[in-house]
């Protein structure tokens with residue numbers, strides 16, 4: 001199930017994350033990934049969009065951007081930069097990727113749409129998959145339910161997430 005789509009653009013100077021949102025009855029949510037854990041960030045439905053001009057380019061934005069930002073970050077918290085240990089107010093643990101789905105959770109592509117096979121991709125995928133890789137595995141280009149041969153694990157897989165732990169500590173402090 002594609003319930004955690006994220007498109008990440010890298011340059012030498014910045015990273016831009018685009019998230020897909022999924023609508024439910026009275027809200028939207030987007031998937032968020034931390035280690036092997038899946039989280040869902042809840043977002044309010046936008047009743048209407050307004051048009052704005054930014055440096056000669058037209059964009060659609062929420063007609064009440066401060067209400068939207070308060071819902072996303074917490075009341076007035078968007079006015080100051082986020083701290084490194086910030087925990088989202090609108091995030092909930094959802095599930096853990098199973099072994100087969102996890103292999104398809106992260107992919108890296110070039111600007112021309114080709115699967116990346118360079119050192120950056122190999123190191124990143126090794127870290128995400130917890131595998132000792134020397135090249136991009138061919139199983140990343142097969143259909144998900146076909147049998148695959150897995151490389152050796154670097155260490156035992158751990159399903160614990162630091163984000164989940166932070167959320168738990170924050171909840172305990174607030175009680």
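In the numbering used here, the protein residues as written are 1 to 175.
Every residue, glycine too, gets a C-beta built ideally from N, C-alpha and C.
In angstroms with no decimal places, state the Cα-to-Cα distance between residue i and residue j.
i: residue 17; j: residue 46; result: 20 Å
i: residue 20; j: residue 27; result: 14 Å
i: residue 11; j: residue 93; result: 30 Å
i: residue 3; j: residue 31; result: 6 Å
i: residue 8; j: residue 120; result: 14 Å
i: residue 102; j: residue 122; result: 16 Å
i: residue 56; j: residue 65; result: 20 Å
i: residue 88; j: residue 97; result: 21 Å
i: residue 85; j: residue 54; result: 31 Å
i: residue 70; j: residue 79; result: 10 Å
i: residue 25; j: residue 6; result: 22 Å
Quick check on the burial criterion: 16 or more other C-beta atoms within 10 angstroms. Buried or exposed for residue i?
i: residue 14; result: exposed
i: residue 108; result: buried
i: residue 39; result: buried
i: residue 23; result: exposed
List the residues that DSSP assigns as beta-bridge partners of residue i.
i: residue 111; result: Residue 111 is not bridged to any residue.
i: residue 8; result: 17
i: residue 91; result: 41
i: residue 52; result: 59
i: residue 34; result: 37
i: residue 29; result: 22 and 42
i: residue 96; result: 37
Leaving out five residues on either side along the sequence, give the residues of the same chain with a beta carbon under 7 Å from the beta carbon of residue i.
i: residue 61; result: 49, 50 and 52
i: residue 95; result: 38
Who are the Cβ neighbours of residue i in its own chain at under 8 Å, not counting the five residues just before and after it?
i: residue 83; result: none
i: residue 110; result: 116
Give every residue of the same chain whose Cβ lies closer than 6 Å to the Cβ of residue i, excluding the five residues on either side of it in the sequence, and list them in chain order.
i: residue 91; result: 39 and 41
i: residue 68; result: 62
For the 8 Å Cβ check, are there 3 or more pairs between the region 53-73 and the region 107-121? no
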